[in-house]
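Chains as they are written, first to last, in my numbering: chain A, 83 to 355; chain B, 438 to 728.
Positions of the beta carbon are idealized from the N, C-alpha and C atoms, including for glycine.
Just so you know, these numbers come straight off a predicted model, no measurement behind them.
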C-alpha cells in the first residue's frame, strides 16, 4: 500500500512523538547527571549551564560503583556462560533424540518459563548448600532461572542444523563430547549469542536475588547499589542521575551492538515466519 | 543405537541446576505452606490449612492484594496489546522509512533495569516538582496534575502506566514480526473489495495475527501475575496497601520472618502459574510441531 503524503506525515509525527516519549527518561538522566545539585533539584528537562563532570567521580567514589560494577559483570558473565553451555548441551540431546522420556523432560524444563520461584523455601536450600550470601550462589541462581528459556531458544535452532553433519562426525569416530563441542557448538553461534545477550540484560537489570540473598553490600550488583545510593542522596538528583547513567551505559552498549540478536530471540518461537 | 551419540548425561548440568534451585523450592513450599515455619521459633509445626484460611479470610487484606495483582495483569494486557498493535501497524505500514530507528526507540525501555526506570519515574511523577505535573500546569491542565503515586486511588494506575511504557516495546516487536508473515495479497484483495483501514484491520490483520496475539497475551499473563520489581521500586505497595501485589507481600512476609505464610502465598501463585504453564507448553508444542 502506498500511503498518501498526508497519511505519511501523520504516521511519522506519531512515530516520532512515541520515540521521544520512549527515550525521554534516558535524556532526563543524561542532562541532569551534568548539573549542579541546585540545578538538578527538580530533575528538569533544561540543558545544564555548566558541565559538572565531577559528579561521576563523586558517585564512583561514594556509591562504591567500581565494586558493584565488577559484581554485576561477574554475575552476568558467569551465569550467562554457565546457563548457555548447560542449556545448549541439554537442548542438543533433547532435540536430536526425541524419545518419549526426553520429550517429557523438554516440556518439564520449559515449564519453568511460566513458573514462579518460591523465594522462601529457596532460602532453606541456599543455606543447606552454603551458597547464601556468596557470589557463586548468585551466579548459580541466575543460571538456574535462565535455563528454561535458553533451552527453548536453542532447541528450536538445533532442528535447523542438518543431521548429516552428526553422521559424518560419528563415522569419523567423534565421541559425543567431540561431536557436540567441536562440530555442533560452533554452528550454534547465532542462537548462543542471542541467548547470552538476553541473559546478560536480564541479569544486569535484576535485583531480586541480591535483595533476598545478599546482605553484604560488598557483594551488591549495580542495581542494588544505585537503589541504596538513592536512599542516601535523594536530594541530590544530579548524583543519582550520574549513578543511574553509569549503571545503564553497559546496557545501552549491549543493546545497540546486539539489537539484531535481541530481536531474533524475542520473536523466535513466538511467531512462525 | 543412535541414542549412544546423544547421551542422556548431557542433560545433567541443566536438569540439576533447574531442579534443585527452581523446582525443588516450589515442591518443598507446598509442604511448608501447611506449617507455622517462622523465625520466631525453632520448631516447625503442622497447622493444616491455617495459612490459607488466613489468606482467604475477608478480615485480612490478602484478597485485596490478589485483586490488585489481577487488576494490574488485566489492565497492562489491555494497554500493551492495544498500543503495541497500534505501533506495530504504524511501523509496518505507516512509516517504512526510519521504521528501524523508531523500533529501536520503542524497545529501549524494555532493556533498562526496572529499578532505574522506577527511580526516574518517581521523579517525573512527583506531585509538586515532577516534570509531568509541571508540563500539565504549563499548558493549563492543572486539573490533570494529580498526586500520581501518593493518592491511593490512582497509585496502582500510575504504576500500570509506567509498566506499560516499559513493556509495550516487547509486545510491539512480537506483533511486528507477526504482521510481516501476513501475505500482502490479502490486503490487496481486501482493498479491491473496498475495505477501508478499519475493515482491513478487523477482517485481515487481527484474524491473521491471532497466533501472535495469543502469544503476547500469555506472556503478559505470566508477567502480570508475577510482577514484583516495578511495584517494589515505585511504591513498595503503598500508599498504605493501595498497590500491594502478591509478590511484594511475599517479600514482606519473608522480611518479617513469617515463612509459613510467605510460602503459602507462593504456593497459591505456583498453582495458578502451573495451569498457565500448561497452556504455554501447548502453545510452544504447536509451534514446534509445525517445523
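If we count the other Cβ atoms within 10 Å of its Cβ and call it buried at 16 or more, is residue i buried or exposed?
| i | result |
| --- | --- |
| residue 86 of chain A | exposed |
| residue 695 of chain B | buried |
| residue 441 of chain B | exposed |
| residue 630 of chain B | exposed |
| residue 610 of chain B | buried |
| residue 121 of chain A | buried |
| residue 666 of chain B | buried |
| residue 712 of chain B | exposed |
| residue 671 of chain B | buried |
| residue 230 of chain A | buried |
| residue 314 of chain A | exposed |
| residue 128 of chain A | exposed |
| residue 625 of chain B | exposed |
| residue 111 of chain A | buried |
| residue 271 of chain A | exposed |
| residue 655 of chain B | buried |
| residue 578 of chain B | exposed |
| residue 237 of chain A | buried |
| residue 329 of chain A | buried |
| residue 728 of chain B | Unreliable placement is indicated for residue 728 of chain B, whose pLDDT of 41 sits below 50; the coordinate value is still reported in the next sentence. By the 10 Å Cβ count, residue 728 of chain B comes out exposed. |
| residue 180 of chain A | exposed |
Taking only beta-carbon atoms, is residue i less than 8 Å away from chain A?
| i | result |
| --- | --- |
| residue 713 of chain B | yes |
| residue 579 of chain B | no |
| residue 699 of chain B | yes |
| residue 462 of chain B | yes |
| residue 469 of chain B | yes |
| residue 663 of chain B | yes |
| residue 531 of chain B | yes |
| residue 478 of chain B | no |
| residue 638 of chain B | no |
| residue 491 of chain B | no |
| residue 718 of chain B | yes |
| residue 560 of chain B | yes |
Any beta carbon from chain B within less than 8 Å of residue i's own beta carbon?
| i | result |
| --- | --- |
| residue 186 of chain A | no |
| residue 143 of chain A | no |
| residue 286 of chain A | yes |
| residue 355 of chain A | Residue placement at residue 355 of chain A cannot be trusted, given a pLDDT of 32 that sits under 50; what the coordinates show is reported in the next sentence. So yes, residue 355 of chain A belongs to the interface. |
| residue 100 of chain A | yes |
| residue 179 of chain A | yes |
| residue 89 of chain A | yes |
| residue 252 of chain A | yes |
| residue 335 of chain A | no |
| residue 319 of chain A | yes |
| residue 138 of chain A | no |
| residue 324 of chain A | no |
| residue 265 of chain A | no |
| residue 240 of chain A | no |
| residue 97 of chain A | yes |
| residue 258 of chain A | yes |
In chain order, what residues of the same chain have a beta carbon less than 7 Å from the beta carbon of residue i, not counting five sequence neighbours either side?
| i | result |
| --- | --- |
| residue 252 of chain A | 261 |
| residue 485 of chain B | 471 |
| residue 90 of chain A | none |
| residue 552 of chain B | 666 and 670 |
Under 6 Å Cβ to Cβ from residue i, same chain only, skipping five residues before and after it: list those, please.
| i | result |
| --- | --- |
| residue 699 of chain B | 687, 690 and 691 |
| residue 669 of chain B | 685 |
| residue 678 of chain B | 498 |
| residue 185 of chain A | none |
Starting from the C-beta of residue i, find all residues in its chain whose C-beta is less than 8 Å away, skip the five residues before and the five after it, and write them out in chain order.
| i | result |
| --- | --- |
| residue 445 of chain B | none |
| residue 99 of chain A | none |
| residue 266 of chain A | 174, 240, 243, 247 and 248 |
| residue 584 of chain B | 564 and 591 |
Could you work out which residues of chain D lie near residue i, taking near to mean beta carbons separated by less than 8 Å?
| i | result |
| --- | --- |
| residue 606 of chain B | Here chain D cannot be found, since the structure's protein chains are A and B. |
Does the beta carbon of residue i fall short of 7 Å from some heavy atom of the ligand HEM?
| i | result |
| --- | --- |
| residue 169 of chain A | The ligand HEM is not among the ligands present in this structure, which contains no ligands whatsoever. |
Short-range partners of chain B found in the segment 190-201 of chain A, where Cβ spacing is below 9 Å: Correct list: 190, 191, 192, 193, 194, 195, 196, 197, 198, 199, 200 and 201.
May I have a chain-ordered list of the alpha helix (DSSP H) segments no shorter than 4 residues that lie completely inside the segment 177-208 of chain A? List check, alpha helix (DSSP H) in window: 182-192.
Go through the segment 439-517 of chain B residue by residue and report every complete run of the beta strand (DSSP E) that reaches 3 residues or more, in order. None, since the segment 439-517 of chain B contains no complete beta strand (DSSP E) of that length.
What alpha helix (DSSP H) runs, 4 residues minimum, are completely inside the segment 261-291 of chain A? For the segment 261-291 of chain A, whole alpha helix (DSSP H) runs of length 4 or above, ordered along the chain, are 271-287.
Tell me which residues of the segment 160-174 of chain A have at least one Cβ-Cβ distance to chain B shorter than 7 Å, keeping chain order. Residues are counted here when their Cβ sits less than 7 Å from a Cβ of chain B; for the segment 160-174 of chain A these are 168, 169, 171, 172 and 174, given in chain order.
Report the start-end ranges of each alpha helix (DSSP H) in the segment 573-651 of chain B that is 4 residues or longer and not cut off at the edges. Fully enclosed alpha helix (DSSP H) runs of no fewer than 4 residues occupy 592-616, 621-629 and 634-637 of the segment 573-651 of chain B, in order along the chain.
Please list the segments of the alpha helix (DSSP H) lying wholly inside the segment 650-720 of chain B, counting only runs of 4 or more residues, in order along the chain. The segment 650-720 of chain B contains these whole alpha helix (DSSP H) runs: 666-671 and 683-692.
What are the residues of the segment 213-228 of chain A that lie near chain B, defined by any Cβ-Cβ distance shorter than 7 Å? Answer set for the segment 213-228 of chain A: 222, 223, 225, 226 and 227.
Using a Cβ-Cβ cutoff of 8 Å, what residues of the segment 270-283 of chain A are near chain B? List them in chain order. Answer in chain order: 283.
Of all the residues that make up the segment 106-137 of chain A, which are near chain B by a beta-carbon distance shorter than 8 Å? Going along the segment 106-137 of chain A in chain order, one finds 107, 108, 110, 111, 123, 124, 125, 126 and 127 with a Cβ nearer than 8 Å to chain B.
Interface positions of the segment 506-521 of chain B facing chain A (Cβ-Cβ less than 8 Å), listed along the chain: If the cut-off is 8 Å between Cβ atoms, the segment 506-521 of chain B has nothing near chain A.
Could you tell me which uninterrupted alpha helix (DSSP H) segments, each at least 4 residues in length, are contained entirely in the segment 528-572 of chain B, listed from first to last along the chain? Look at the segment 528-572 of chain B and you find these whole runs of alpha helix (DSSP H), each 4 residues long or longer: 536-548 and 551-561.
Contacting positions in the segment 581-596 of chain B - beta carbon closer than 7 Å to chain A: Shown here is that no member of the segment 581-596 of chain B has a Cβ falling below 7 Å from a Cβ of chain A.
Near-chain B residues of the segment 301-314 of chain A - C-beta to any C-beta below 9 Å: Per Cβ criterion, the list reads 304, 305, 306, 308, 309 and 312.
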